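Each residue of the sequence shown is one higher than the one before, starting from 1 at the first, in the UniProt record's numbering.
Have a look at the structure below before the remarks.
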Amino acid sequence: MFSLTTVQHPTRDCTKPQVMLLDPLSGKRVIFGAIPEGSQRVSSERSTRLSKLTKVFLTGTISWKSLSGLPGMILTVADQGCKQLDVYHGDSKVLHLAFATWRYFVFRFGLKIQLNDGSSNDKSAFFKFRTVNVTKPETLESGISVFDFKFLKGLVSKIFPLAGESNQTADDAAVKQELPKASRSNVSSNYIVKMNSLKRKYVPELVKKYGLKKEDFQSLAAGRPAILQDGTEITLESVTMPGRTFDNVLFLDIPEPDLVGPTMNVNWFEEASGLCDSEQRVKFQLVYHFIDINAMQDPLQDSEYVKFIQSFGPHCKHVISHPKYCMDTLNFESASVITLKLRSLDARSAPLPLFDSCCNSISMENIYPLTSGQTFKILPFGETEMEKIWELRSEKGEEYWEKLYDDYVEPFEGKLESREAVLGLEEHQREPNSSLKDSVEITVLGTGSALPNKYRNVISTMLRLPILGGSTRVILDAGENTLGTLCRMYSPEKLTSVFRELKVVYLSHLHADHLLGIYSIIQEWCKVQAKTGGNEELLVICPDRFQNFVREWNQIEPEHIDLDRVNFVDCASLLMNRELDQQTAALVNRFGIERAKTCLANHCDRAYCAVIDFRLEGQSGESDSFKVSYSGDTRPLEKFIALGKGSNLLIHEATLQDSLYLDAIKKKHSTISESLQVARLMECEKVVLTHFSQRYSKLPELETVDKDPTSDVALKESKLCQVHATADPVVFFAFDNMNVTFGNLASQMKTFKRLGFNKIGQFFDNDDEEPNKRQKV
Ligand SMILES: [Zn+2]
Ligand SMILES: [Zn+2]
Numbered sequence: 001m002f003s004l005t006t007v008q009h010p011t012r013d014c015t016k017p018q019v020m021l022l023d024p025l026s027g028k029r030v031i032f033g034a035i036p037e038g039s040q041r042v043s044s045e046r047s048t049r050l051s052k053l054t055k056v057f058l059t060g061t062i063s064w065k066s067l068s069g070l071p072g073m074i075l076t077v078a079d080q081g082c083k084q085l086d087v088y089h090g091d092s093k094v095l096h097l098a099f100a101t102w103r104y105f106v107f108r109f110g111l112k113i114q115l116n117d118g119s120s121n122d123k124s125a126f127f128k129f130r131t132v133n134v135t136k137p138e139t140l141e142s143g144i145s146v147f148d149f150k151f152l153k154g155l156v157s158k159i160f161p162l163a164g165e166s167n168q169t170a171d172d173a174a175v176k177q178e179l180p181k182a183s184r185s186n187v188s189s190n191y192i193v194k195m196n197s198l199k200r201k202y203v204p205e206l207v208k209k210y211g212l213k214k215e216d217f218q219s220l221a222a223g224r225p226a227i228l229q230d231g232t233e234i235t236l237e238s239v240t241m242p243g244r245t246f247d248n249v250l251f252l253d254i255p256e257p258d259l260v261g262p263t264m265n266v267n268w269f270e271e272a273s274g275l276c277d278s279e280q281r282v283k284f285q286l287v288y289h290f291i292d293i294n295a296m297q298d299p300l301q302d303s304e305y306v307k308f309i310q311s312f313g314p315h316c317k318h319v320i321s322h323p324k325y326c327m328d329t330l331n332f333e334s335a336s337v338i339t340l341k342l343r344s345l346d347a348r349s350a351p352l353p354l355f356d357s358c359c360n361s362i363s364m365e366n367i368y369p370l371t372s373g374q375t376f377k378i379l380p381f382g383e384t385e386m387e388k389i390w391e392l393r394s395e396k397g398e399e400y401w402e403k404l405y406d407d408y409v410e411p412f413e414g415k416l417e418s419r420e421a422v423l424g425l426e427e428h429q430r431e432p433n434s435s436l437k438d439s440v441e442i443t444v445l446g447t448g449s450a451l452p453n454k455y456r457n458v459i460s461t462m463l464r465l466p467i468l469g470g471s472t473r474v475i476l477d478a479g480e481n482t483l484g485t486l487c488r489m490y491s492p493e494k495l496t497s498v499f500r501e502l503k504v505v506y507l508s509h510l511h512a513d514h515l516l517g518i519y520s521i522i523q524e525w526c527k528v529q530a531k532t533g534g535n536e537e538l539l540v541i542c543p544d545r546f547q548n549f550v551r552e553w554n555q556i557e558p559e560h561i562d563l564d565r566v567n568f569v570d571c572a573s574l575l576m577n578r579e580l581d582q583q584t585a586a587l588v589n590r591f592g593i594e595r596a597k598t599c600l601a602n603h604c605d606r607a608y609c610a611v612i613d614f615r616l617e618g619q620s621g622e623s624d625s626f627k628v629s630y631s632g633d634t635r636p637l638e639k640f641i642a643l644g645k646g647s648n649l650l651i652h653e654a655t656l657q658d659s660l661y662l663d664a665i666k667k668k669h670s671t672i673s674e675s676l677q678v679a680r681l682m683e684c685e686k687v688v689l690t691h692f693s694q695r696y697s698k699l700p701e702l703e704t705v706d707k708d709p710t711s712d713v714a715l716k717e718s719k720l721c722q723v724h725a726t727a728d729p730v731v732f733f734a735f736d737n738m739n740v741t742f743g744n745l746a747s748q749m750k751t752f753k754r755l756g757f758n759k760i761g762q763f764f765d766n767d768d769e770e771p772n773k774r775q776k777v
């Protein structure tokens, strides 16, 4: 039978719901709801097979929050061999506009993307549907003319050229033509879904008994009785089992307060009548309510809304997606095991991700909270059965960490911290740092390359520096759902202060694994400024095309960014061989930056390596300077070594292990040995290695640090090795969720060496440890 599985309920790091409809016969999968950031990573954690995805029905309004996970997911399904994906939303014009804004960083051959307004059914699908749009009262239409619409359609097809259009390039798609101006989208989409009826089936025993022949079946199919040789009349009803029909399933989405009334006022039975056969009574068997906390504080305490629920009849089941009723469980449990292991070596090095297993329970009959893993089987004649096909361990609450500790950490003999310290039951104070430099904090928000993985998210690093007597935070690249990682790391109050300290965002290049999280970071920054009445400004250093994207997206976004407060600086204007204009120099100076320089990376077009000199200044007026070099993605680069000479901190990509140097050359990344050699030649004090290929999902090859660079095949050939390196920088391997000070970076390698790389390898890379053996969806 057909089934609907909740892939994710809203939590603090994946804030929107997603339900997957499965056809067991064809294996096809259809998503209803939202594709927020983190969706792909949730799929990886829960083993949902995205390659079979055929359709996405976006509910609610078009906003960055509801579909920011879509560009990354599209790139992934295309790589997995998906040939066609249909995306539905009632406001097709704005949907096209949304896709067109991605032309700077999304480009794939051979995937046919069809954007539909949902006004017509796909005859080949296993279900019928009806799109019901609810419009906010007193708002204007998007204002996209027929002419503009045609232009947008052309642009979207350039982003996804079919195989025949082989001379297209990503640059053709990203043409600098301006997009049509649009007002914010005012359409919220809801869907009524009805599974196709299953036809009458012949009962084999009866067919045999009467000896039915081909012509008899033809008569029966034509609605006539079959006449047997002895003259007996056989009717269709007498040799078949009755056909099976299904009732309707409704996906409601209420993202804003203005939409509560209009959604309740729709006559849903009348809307559904078109999907039913004439003799069938219109009924609903299951209704999903996706309700945002901004729209309603508590839908089940609202008597009008409860009446609305009851209007669907006593047999209809309801599923509520609302933060009051959905538990804030941990989505990335595999990654939390790694964090726990890191803490057993140094309890101060990585905070435990936050979650909250308390929420309101529902005591009304036939009403359920939306919960990950919950599956509703859609049975004929209006029957619906609920089961849980997987359970998140963190649903159990308090004991979660203790249980993980007992399973994965306790057996390890090398642990250095007490059980209490690892579980966070003991307060840990950092020793005060002896110098301003040593107090610089490095927070690792993601260390993966290319795709989000269950063990590590895509790349992002945050620095916290003492500047102008306070603290300044700098985010270097931010892959998808970097904001989600921050939300698990800091309590809401602490997160507000983190965003108040955030002054600089740097984007190295326009690859999805580096940029998809940045829009949300800027959006959250604006929200915090508005909430706290701050009048700060933000500095965003990025390739110019990213600025275009932000401006274009911002016009369709209900929760828009205050662009007057965001200062964009093009990475190209900071190139080392260019003279910096005074205005930009003065601007970066205001943010505590003495000098910011870039050079073109050896990676892709418009990719940069950056070197930034910060002017540190403590509370009592003491001052110092701090030089940070950040590679972004690149092959080892001489001009970057020259530019970053004598850096205090180098953060370098180390995508591949040494044996895969041919891959590194082909894909224009660096190996671990190459990155270490760059660090030595740069004569930097300390180097943080990050951006690891997801093929070593838990642990990169640590042994490389002790390798003689002259013995490395790739280095032997290169110029890098012919120069003698005198420096021996402190090496630190980045792991997701780590928070360390510059002064403390050396302690990791000391610990690793004391315990031995072998032992550490076994501890982290133990493959039979899956926090949840789950049924595949
Ligand atoms: Zn990358
Ligand atoms: Zn890249």
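For each residue, glycine too, the CB sits at the ideal point set by N, CA and C.
Nothing here was measured: the structure is a model prediction, and the numbers come from that model.
- Nearest C-alpha to G72 among V19, L575, D253, L510: L510.
- By the neighbour-count criterion, in which a residue is buried when 16 or more other Cβ atoms sit within 10 angstroms of its Cβ, N481 is buried.
- Nearest Cα to V203 within the set T235, S189, E215, K181: T235.
- Cβ neighbours of Y519 within its own chain (closer than 6 Å, five residues either side excluded): W64.
- Nearest neighbour of R545 by Cα position, chosen from I35, F105, A98, turns out to be F105.
- With a beta-carbon spacing of about 6 Å, E45 and N331 fall inside the 8 Å limit used to define contacts.
- Straight-line spacing of the CA atoms in T101 and K150 works out to 15 Å.
- In summary, I309 is buried, with 16 or more beta-carbon neighbours lying within 10 Å of its beta-carbon over all protein chains present.
- The criterion of a C-beta distance shorter than 9 Å is not satisfied by L650 and V705.
- DSSP lists I192, V287 as the beta-bridge partner residues of L250.
- A straight-line Cα-Cα distance of about 19 Å links Q229 and A222.
- For Q84, the uninterrupted beta strand (DSSP E) run begins and ends at 84-88, by DSSP.
- Here the distance from the Cβ of H509 to the nearest heavy atom of ligand 2 is below 8 Å.
- Distance check between C82 and each of N535, I113, L507 places I113 closest, using alpha-carbon atoms only.
- Secondary-structure assignment with DSSP links G448 through a beta bridge to V458, F692.
- Between the stretch 122-136 and the stretch 527-542 there are fewer than three inter-stretch CB-CB distances shorter than 8 Å, so the stretches are not counted as touching.
- Contact between the stretch 747-766 and the stretch 693-705 is established, with three or more Cβ pairs separated by less than 8 Å.
- In this structure, the beta-carbon distance from L643 to L465 does not fall below 9 Å.
- The beta carbon of V207 sits closer than 8 Å to the beta carbons of V239 from its chain, once the five residues preceding and following it are set aside; these are given in chain order.
- DSSP assignment within the stretch 665-740 yields the following whole alpha helix (DSSP H) runs of 4 residues or more, N-terminal first: 672-682, 713-717, 719-722.
- Under the three-pair Cβ rule at 8 Å, the stretch 306-326 does not count as touching the stretch 402-418.
- V588 sits close to V569, with the two beta carbons spaced by under 9 Å.
- Rounded to the nearest angstrom, the Cβ distance from F129 to N121 is 6 Å, consistent with a contact under 8 Å.
- The bridge partners DSSP lists for Y202 are T240.
- The alpha-carbon of F127 is positioned some 11 Å away from that of K28.
- If you check the C-beta of H289 against ligand 1, you find no heavy atom less than 8 Å away.
- Under the 10 Å beta carbon count, F109 is surrounded by fewer than 16 other beta carbons and is classified as exposed.
- K494: member of the alpha helix (DSSP H) spanning 492-501, first to last residue.
- Beta-bridge partners assigned by DSSP to I522: none are found.
- Y288 sits away from H315, with the two beta carbons spaced by 9 Å or more.
- Short note on S670: C-beta not closer than 8 Å to any heavy atom of ligand 1.
- Collapsing the DSSP output to three states places L476 in a strand.
- Taking C-beta atoms as the reference points, A734 and T690 count as a pair closer than 9 Å.
- Nearest to N548 by C-alpha distance, out of T59, K759, L67, Q177, is Q177.
- Around the CB of F147, fewer than 16 other CB atoms lie within 10 Å, so the residue is classed as exposed.
- Per DSSP, the beta bridge partners of P369 are I320.
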